[in-house]
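There are 2 protein chains.
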Amino acid sequence: MSLVIVGSVAFDTVETPLGRREKIVGGSGSYAAVAASFFTRPGLVSVVGQDFPKKVLSLFRLRNIDLEGLKIKKGRTLYWHGRYEKDPNLRTTVKTQLNVYENFRPVLPEKFRQADMVFLSNLDPDSHDFILSQLSSVKLVAMDTIRFWIESKPEALLKAIQKVDILFVNDEECRLIAQEINLVRAGRKLQASGPKIIVVKKGEHGAMLFGKKFVFGVVAHPCEEVIDPTGAGDCFAGAFLGYLDSVGGFTQREIRKAAVYGNVVASLVIEDFGLQKLLEVSELDIISRYKSFKKLSSF
Amino acid sequence: MSLVIVGSVAFDTVETPLGRREKIVGGSGSYAAVAASFFTRPGLVSVVGQDFPKKVLSLFRLRNIDLEGLKIKKGRTLYWHGRYEKDPNLRTTVKTQLNVYENFRPVLPEKFRQADMVFLSNLDPDSHDFILSQLSSVKLVAMDTIRFWIESKPEALLKAIQKVDILFVNDEECRLIAQEINLVRAGRKLQASGPKIIVVKKGEHGAMLFGKKFVFGVVAHPCEEVIDPTGAGDCFAGAFLGYLDSVGGFTQREIRKAAVYGNVVASLVIEDFGLQKLLEVSELDIISRYKSFKKLSSF
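As you go down the protein sequences, you meet chains H and X in turn.
Residues in the first sequence are numbered from 1 upward in steps of one, following this note's numbering.
Residues in the second sequence are numbered from 1 upward in steps of one, following this note's numbering.
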């Protein structure tokens, strides 16, 4: 077990101008784990209700996702209902029902505790220490967050950020946390506060990485039709970390490549609702899109 | 004479959160010509009033800008007063006085009429035919435009676009002209309407090029402090075309490089008010920033 992902597994109802899907499988943990599973065998720590379909769990296992850390609790699975406008950057949450996720206390199974890498995905920043205390030999701690924690627990969040190696944020969150409009200054400011690397996900504009001694920018895949943007950021992080886990190295060169793989998987997932597209593509499709990124941006 | 630039030379009053400058030299023609002058010897076709300082004209000549097409007319120079908010993408025009630019009829001097390339910068689309009719052996016609023409002369603008080889637009203009929210689809749609290449300038997010058989994306230079965004787009186009003129080739490889040089010069001009920064840097600075772009985006 080298990469452990702690995050939500949920039912999502998604409305976009191109259609609506009821209660499809979602959650940041699902997206990140499926994305990582193209590169490595991630362990997923989460909780679902008894209403969660067994066949989805089988599917996850077939994809080499280790579910020993996934609890099935009496009650209903986390439910989220969101709506996107014509501009896919505009999203409204119609409803969130935490259900069994409400008191989720992430206890790692014994075999997960020697993991090299952990991804804390959108968790309550106050829960980070509890998770990290269970990991005996972790070399890389990564996290991302959501607006909800930035606004409701800003101090706990800043403390949590200081303790991680990699912080994934989108551009809006980056500006918000750093309280700085200029994105480059915001990224550098966050990087100086502790993490080795800040990964700023900019949606249709690609991504930007701020390290201590380098900045790396990558454009997005030119996508003509965003069917469903849900999970793109989670997939970016999952693929990024899955790739790093697979090469076992955290050099600048590998980190740049990891960001491109993050972009690749994120660009695929938005081409259909939910996880649909990722379940259809193969490692070969990933490599082929990676090559098209190379072509797209070479000069 | 191989690159002719037709565009405005103006006095600008610029207000930004970082300061204010009164009546500094601006105008799309000035910015494009100075940017192009790092690579080639552009000819500038424009008009100024008798109030325009002779020493600025001398400076332009020293930079190898051919001013034979610049008329000095009785009256006052075009004046623009703009204000930027904290977010440099938000700009308000406080005042525009067209003055001698009002009835600007771009007559090209004899020696400009054999030019290979022409840049029609923010001109009334109805004036394009008049200019093109004066050029006997032009190989590449480029244009950009502004919201004013998109809204006031949409049909004339679409016709003008059909006749050019390269169209420079920013992302907002691209979406507006194509009437399409998705930028990739908008870019492809415009490209299919006639031009060989659509160059979409995305400010802090870099640029995207749509050719018939390729898409090229380049990120922006990570700029921590935008002092004055005025003229960045004009400089992008000027450097892009100046570079193409200098290599005398319009291959895909050269076009990609041209876009990076466009980015380079645009990233420099915003580091100070007006043209100040460009008057301070040398060709060596341009090359050094080009290299840093390579580093920034390589994987």
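Heads up, the beta-carbon is just placed ideally off N, CA and C, and yes, glycines get one too.
Can you name the residues of chain H whose CB is closer than 8 angstroms to the CB of residue i?
{"i": "X/Lys-86", "result": "Ile-181"}
{"i": "X/Arg-256", "result": "Ser-298 and Phe-299"}
Whose C-beta lies closer than 6 angstroms to the C-beta of residue i among residues of the same chain, with five residues either side of it excluded?
{"i": "X/Lys-139", "result": "Asp-116"}
{"i": "H/Lys-95", "result": "His-81"}
{"i": "H/Gly-217", "result": "Met-208"}
{"i": "H/Lys-71", "result": "Val-47"}
Using the beta-carbon count (16 or more within 10 Å), is residue i buried or exposed?
{"i": "H/Lys-277", "result": "buried"}
{"i": "H/Asp-126", "result": "exposed"}
{"i": "X/Gly-249", "result": "exposed"}
{"i": "X/Pro-195", "result": "buried"}
{"i": "H/Thr-251", "result": "exposed"}
{"i": "H/Ile-287", "result": "exposed"}
{"i": "H/Ser-137", "result": "exposed"}
{"i": "H/Gly-26", "result": "buried"}
{"i": "H/Glu-225", "result": "exposed"}
{"i": "X/Ser-133", "result": "exposed"}
{"i": "X/Gly-19", "result": "exposed"}
{"i": "H/Ser-8", "result": "buried"}
{"i": "H/Leu-275", "result": "buried"}
{"i": "X/Ser-152", "result": "exposed"}
Using the Cα positions of residue i and residue j, report the straight-line distance between them to the nearest angstrom.
{"i": "X/Leu-62", "j": "X/Phe-119", "result": "21 angstroms"}
{"i": "X/Ile-161", "j": "X/Asp-129", "result": "12 angstroms"}
{"i": "X/Ile-5", "j": "X/Glu-155", "result": "24 angstroms"}
{"i": "X/Ile-181", "j": "H/Lys-86", "result": "8 angstroms"}
{"i": "H/Ile-197", "j": "X/Ile-131", "result": "52 angstroms"}
{"i": "H/Ser-28", "j": "H/Tyr-79", "result": "12 angstroms"}
{"i": "H/Gly-262", "j": "H/Lys-202", "result": "12 angstroms"}
{"i": "X/Phe-148", "j": "X/Thr-93", "result": "12 angstroms"}
{"i": "H/Asp-285", "j": "H/Ser-292", "result": "11 angstroms"}
{"i": "X/Lys-54", "j": "X/Val-107", "result": "22 angstroms"}
{"i": "H/Leu-123", "j": "H/Gly-75", "result": "21 angstroms"}
{"i": "H/Phe-214", "j": "H/Ala-232", "result": "25 angstroms"}
{"i": "X/Ala-300", "j": "H/Ala-35", "result": "Any answer about residue 300 of chain X is impossible in this case: the structure gives chain X only from 1 up to 299."}
{"i": "H/Glu-204", "j": "H/Arg-289", "result": "16 angstroms"}
{"i": "H/Val-269", "j": "X/Glu-102", "result": "52 angstroms"}
{"i": "X/Ile-306", "j": "H/Asp-144", "result": "With chain X covering only 1 through 299, there is no way to say anything about residue 306 of chain X."}
{"i": "X/Ala-239", "j": "X/Ser-30", "result": "12 angstroms"}
{"i": "H/Ala-142", "j": "X/Ala-186", "result": "36 angstroms"}
{"i": "X/Pro-17", "j": "X/Val-164", "result": "38 angstroms"}
{"i": "H/Leu-279", "j": "H/Ile-24", "result": "13 angstroms"}
{"i": "X/Lys-111", "j": "X/Leu-98", "result": "28 angstroms"}
{"i": "X/Arg-188", "j": "H/Arg-188", "result": "35 angstroms"}
{"i": "H/Gly-206", "j": "X/Val-45", "result": "38 angstroms"}
{"i": "X/Lys-295", "j": "H/Thr-230", "result": "32 angstroms"}
{"i": "H/Val-200", "j": "X/Val-200", "result": "22 angstroms"}
Is residue j closer than 7 angstroms to residue i when the C-beta atoms are compared?
{"i": "X/Val-47", "j": "X/Phe-104", "result": "yes"}
{"i": "H/Val-184", "j": "X/Pro-88", "result": "no"}
{"i": "H/Ala-33", "j": "H/Ala-237", "result": "no"}
{"i": "X/Val-14", "j": "X/Asp-171", "result": "no"}
{"i": "H/Phe-273", "j": "H/Arg-83", "result": "no"}
{"i": "X/Val-38", "j": "X/Glu-254", "result": "With the sequence shown as reference, residue 38 of chain X is identified as Phe, and Val is not the correct amino acid for it. Against a cut-off of 7 angstroms, the Cβ pair of X/Glu-254 and X/Phe-38 comes out as no contact."}
{"i": "H/Lys-257", "j": "X/Phe-299", "result": "yes"}
{"i": "X/Gly-43", "j": "X/Val-100", "result": "no"}
{"i": "H/Val-265", "j": "H/Cys-235", "result": "yes"}
{"i": "H/Thr-77", "j": "H/Phe-60", "result": "no"}
{"i": "X/Val-219", "j": "X/Ser-121", "result": "no"}
{"i": "H/Leu-90", "j": "H/Arg-113", "result": "no"}
Kindly list the residues whose CB is nearer than 7 angstroms to the CB of residue i, restricted to its own chain and excluding five residues on each side of it in sequence; keep chain order.
{"i": "H/Thr-40", "result": "Ser-2, Leu-3, Gly-242, Asp-245 and Ser-246"}
{"i": "H/Pro-109", "result": "Glu-68 and Gly-69"}
{"i": "H/Ile-150", "result": "Leu-157, Glu-173, Leu-176 and Ile-177"}
{"i": "X/Leu-57", "result": "Leu-67"}
{"i": "X/Ile-146", "result": "Asn-122"}
{"i": "X/Val-260", "result": "Val-218, Tyr-290 and Phe-293"}
{"i": "X/Glu-271", "result": "Ile-227 and Lys-277"}
Name the chain H residues that come within less than 7 angstroms of residue i, Cβ to Cβ?
{"i": "X/Val-215", "result": "Pro-222 and Leu-296"}
For residue i, which residues of its own chain have a beta-carbon under 8 angstroms away from its beta-carbon, when the five flanking residues on both sides are left out?
{"i": "X/Leu-190", "result": "Ile-161, Leu-167, Val-169, Cys-174, Ile-177, Ala-178, Ile-198 and Phe-210"}
{"i": "X/Lys-73", "result": "Val-47, Val-48, Gly-49, Gln-50 and Val-100"}
{"i": "X/Lys-159", "result": "Pro-125"}
Below 9 angstroms on C-beta distance, what does residue i contact in chain H?
{"i": "X/Lys-202", "result": "His-205"}
Could you name the residues of chain X that residue i contacts, counting a contact when the two beta carbons are closer than 8 angstroms?
{"i": "H/Arg-185", "result": "Glu-224 and Glu-225"}
{"i": "H/Val-260", "result": "Phe-299"}
{"i": "H/Val-218", "result": "Val-219, Ser-297 and Phe-299"}
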